[in-house]
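**Student:**
Number of protein chains: 2
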Amino acid sequence: MTTSAIRTASLARRERQKAETRQAILDAARELFVVDGVEATTMRAIAAKIGYTPTAIYHHFRDKDALIVELCMADFSSLGQAMYKIGRIEDPIERLRRMGLAYTDFALDNPSQYRFMFMTALKHPLVDSAGNVVTAPDADAYEFLLQTVTEGIEKGVYRPELNDPPELAQMFWGGIHGVISLWFTHCGDPHIVFRDPRETVRTMCDAVIRGSLRNVG
Amino acid sequence: MTTSAIRTASLARRERQKAETRQAILDAARELFVVDGVEATTMRAIAAKIGYTPTAIYHHFRDKDALIVELCMADFSSLGQAMYKIGRIEDPIERLRRMGLAYTDFALDNPSQYRFMFMTALKHPLVDSAGNVVTAPDADAYEFLLQTVTEGIEKGVYRPELNDPPELAQMFWGGIHGVISLWFTHCGDPHIVFRDPRETVRTMCDAVIRGSLRNVG
DNA sequence: GCACCCGCTTGACAGCGTTAAGTGAACCTC
DNA sequence: GAGGTTCACTTAACGCTGTCAAGCGGGTGC
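Chains E and H supply the protein sequences, listed in that same order. Numbering of the first sequence is given in the working numbering, commencing with residue 374 and proceeding in unit increments. Numbering of the second sequence is given in the working numbering, commencing with residue 374 and proceeding in unit increments.
(1) Closer than 7 Å by C-beta to L452 (chain E): which residues in its own chain qualify, once you throw out the five before and the five after it? Chain order, please.
(2) Quick test of your reading: D448 (chain E) and M490 (chain E), contact by CB under 8 Å. State the CB separation rounded to the nearest angstrom.
(3) For E467 (chain H), count neighbouring C-beta atoms within 10 Å of its own C-beta (all shown protein chains included) and say buried if the count is 16 or more, exposed if not.
(4) Reducing DSSP to helix, strand and coil, say where Y425 (chain H) ends up.
(5) Which residues share a DSSP beta bridge with L586 (chain H)?
(6) For chain H, is any of its Cβ atoms less than 9 Å away from the one on D438 (chain E)?
(7) At the level of alpha carbons, what is the spacing between H322 (chain H) and R386 (chain H)?
(8) Any beta carbon from chain E within less than 9 Å of H433 (chain H)'s own beta carbon?
(9) With a threshold of 8 Å, are at least 3 pairs of Cβ atoms found where one atom belongs to the region 470 to 487 of chain H and the other to the region 531 to 540 of chain H?
(10) Could one say the Cβ of R568 (chain E) lies closer than 9 Å to chain H's Cβ atoms, at least one of them?
(11) If contact means a Cβ-Cβ distance below 9 Å, which residues of the region 571 to 586 of chain H contact chain E?
(12) Strictly below 9 Å CB to CB, what residues from chain E border T558 (chain H)?
(13) Please report whether the beta-carbon of Y476 (chain H) lies at a distance below 9 Å from any beta-carbon of chain E.
(14) Please return the same chain residues whose Cβ sits closer than 8 Å to the Cβ of I459 (chain E), not counting the five positions on each side in sequence.
(15) Rounding to the nearest angstrom, what Cα-Cα distance links F517 (chain H) and K391 (chain H) in this structure?
(16) Which ranges does the alpha helix (DSSP H) cover as unbroken runs of at least 4 residues, wholly within the region 433 to 521 of chain H, from first to last along the chain?
(17) Using a Cβ-Cβ cut-off of less than 7 Å, list which residues of the region 392 to 409 of chain H approach chain E; keep chain order.
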């Protein structure tokens, strides 16, 4: 083994170890965020969970926000993939409906992540752990939604006055998001009998789509 | 002036002064909450604003939460009044539409309050500054909504499968809430071109109502 | 063998919500 | 009018948070 080969090998090992520690921090943070919530999770708790001191985390992430953003970006990626699977459906209306249901599944299966992704006012622009500006990771899914409603408009399936893609997109997105987020924040309210949010979303999707379509005939 | 008259007078003055201090705390807190947000506002800042030490606040409110809840209840009362003004409209569908628009106006005119009222998971049951359990102050407005959709169902204006008042109520409420809350959390996102939320809400109300009505003829 | 690198620790800082103890002026009683 | 009580408010502190400057120590490079 040449000197340079040893050098690169040991360098690689060090980097691998550093990456492992970094991943351990992410895993610990993820679990605590999900269980206790983002706000209630402390840097000290994350560090203790993996047997490090709190300051060790700062060698891998510039601050707590960077840690959060990193996890958040992975979640946006998951959501993007869930949306991507739907991309094949030809009919832009059926695709829209399926997107809504997939979005709802994602939200209810990952409540803690969803809270942070869509129920928190993130600073813009986002900054990653290296301090670089990061393109908003929700852009992909939103772009996909925008494209889907645009297709519908172009095919002439919507009522003629509904010809603004952003407005339509925000109406669909908002409608679903509202049912989900109300459930998250108020399902513990003893004065409100909450219906299953999946059912309510389905009903809402049906109603809003039916009310947006051009009357046939 | 009799002894007892003096006594009650001085007692009244003391109570008035205490009430004034209490109100000064509420006013200061309200302004800081609106400007800086609830989370970012510290007890120390509230106290400094009115020339007291932080601990003084604790003689009027059991903790920060109690202060928040007190302000929040006043806001729910405002919203309730806005809803009450609409009560006269006979047609339950037109009333529903008007409620949605009034709700939206309230939210956009009082963004800080709205955030706390509907975008934060409040502990249930709520506890006031004296430690008493408080009936959820959003119950009134929700009850009004529930009553309005129930009236519509009874009059047979909705599609026959839409016969569950809570589901309908949560669909309407959620739809509007979603557009508003998305705007609050994401309007700073440079990757999304946001439409005026009032317009989007109006479009959504129209669509969801149209899609919920029994087809005439 | 010596010096450097760098992942990690030590120990601290300022700020947070909150509390126990104390202060002092207004009040009531005698 | 003197003495005791009440109570709104202050002083000083506690334990917690996120964060940082400085230092340690084992592996690496020459």
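Backbone N, C-alpha and C define an ideal beta-carbon position, used for all residues, glycine too. Computed from a predicted model, the values in this text were never measured in an experiment.
**Tutor:** Straight from the coordinates:
(1) F479 and A514
(2) 6 Å
(3) exposed
(4) coil
(5) H:Y531
(6) no
(7) In the structure displayed, chain H extends from 374 to 590; residue 322 (chain H) sits before or after that span and is not available.
(8) no
(9) no
(10) yes
(11) E572, T573, V574, T576, M577, D579, A580, V581, I582, R583, G584, S585 and L586
(12) F491, M492, T493, A494 and L495
(13) no
(14) R468, R471, M472 and A475
(15) 36 Å
(16) 437 to 457, 465 to 482 and 484 to 491
(17) none
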